[in-house]
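Residue numbers (the numbering used here): 13 to 226. Beta carbons are placed, not taken as given, at the ideal position from N, Cα and C, and that holds for glycine. The next block holds one structure in the form of structure tokens; read it before the comments.
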């Protein structure tokens, strides 16, 4: 498990106007909670946070160093709120990580290997791109690998088929499809079905328009 450091500082400001001022200074408002300790209001430098994300911070245990505190706090990013238009990070939720206490979080799926079914002309379809897992901090992986090296046409890898690292539990249903290899014809049929569904309302709309004109 990766451990990355991030500097933070305490804030006492509340209210929309105070939050706007924090963001105007190039900082992101945040909170940290969990492990039976009080929730604390924090502020994080935006540039520092963006660099952290580029280095895999979304799926790492962080060492938060808060201005004025001698000790660091171990935490994970629990939630990020973004502006739906600009994709700017508006707020961060950090969850404390306690030694010996299992963590529930979401990690991405990483595909490894080359599928014989794909080489034969099949198409690799993704069912899920990330998995919810539970593990102790020392066992927390940054991702879950899915080996498709033996995946033939019309074969599927489900959650229950995964070879998981020691001490890691996947909370998604065991029958959940992660990836599958399907013949190109099936993909074409699905595309045609979607196109028909999209086109049908337009046809109906035109017919109704004609009837109203008569």
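query, result
"Neighbourhood of residue 217 by C-beta, 7 Å cutoff - its chain only, sequence neighbours within 5 removed", "Low local confidence applies: a pLDDT of 48 at residue 217 is under 50, so the model's placement there is unreliable, with the coordinate-based value given in what follows. Contacts found: none."
"C-beta atoms of residue 141 and residue 121 nearer than 8 Å", "yes"
"Residue interval of the alpha helix (DSSP H) (run including residue 62)", "58 to 66"
"Own chain, CB closer than 8 Å to residue 53, minus 5 neighbours either side, in chain order", "22, 23, 24, 25, 26, 41, 42 and 43"
"Nearest-angstrom beta carbon gap, residue 72 and residue 154 [assumed within contact, 8 Å]", "6 Å"
"Residue 162 and residue 172 closer than 8 Å at C-beta", "no"
"Environment of residue 124 [buried if 16+ CB atoms lie within 10 Å]", "exposed"
"Endpoints, the alpha helix (DSSP H) within which residue 129 is located", "128 to 131"
"Inter-residue spacing [alpha-carbon to alpha-carbon] between residue 168 and residue 174", "11 Å"
"Selection from 37, 113 and 197 that minimises the alpha carbon distance to residue 179", "113"
"Close-in-space but distant-in-sequence residues of the same chain around residue 34 (CB under 6 Å, 5 per side omitted)", "41 and 55"
"Neighbourhood of residue 51 by C-beta distance below 8 Å, restricted to the same chain and skipping five residues each side", "43, 44 and 45"
"Straight-line Cα distance separating residue 76 from residue 83", "9 Å"
"CB-CB length for residue 60 against residue 95, believed under 8 Å", "With a Cβ gap of about 19 Å, residue 60 and residue 95 do not count as contacting."
"Opposing strand residues paired with residue 147 [DSSP bridges]", "115 and 180"
"Extent of the continuous beta strand (DSSP E) to which residue 39 belongs", "39 to 46"
"Cβ-Cβ separation, residue 146 to residue 183 (assumed contact under 8 Å), whole Å", "6 Å"
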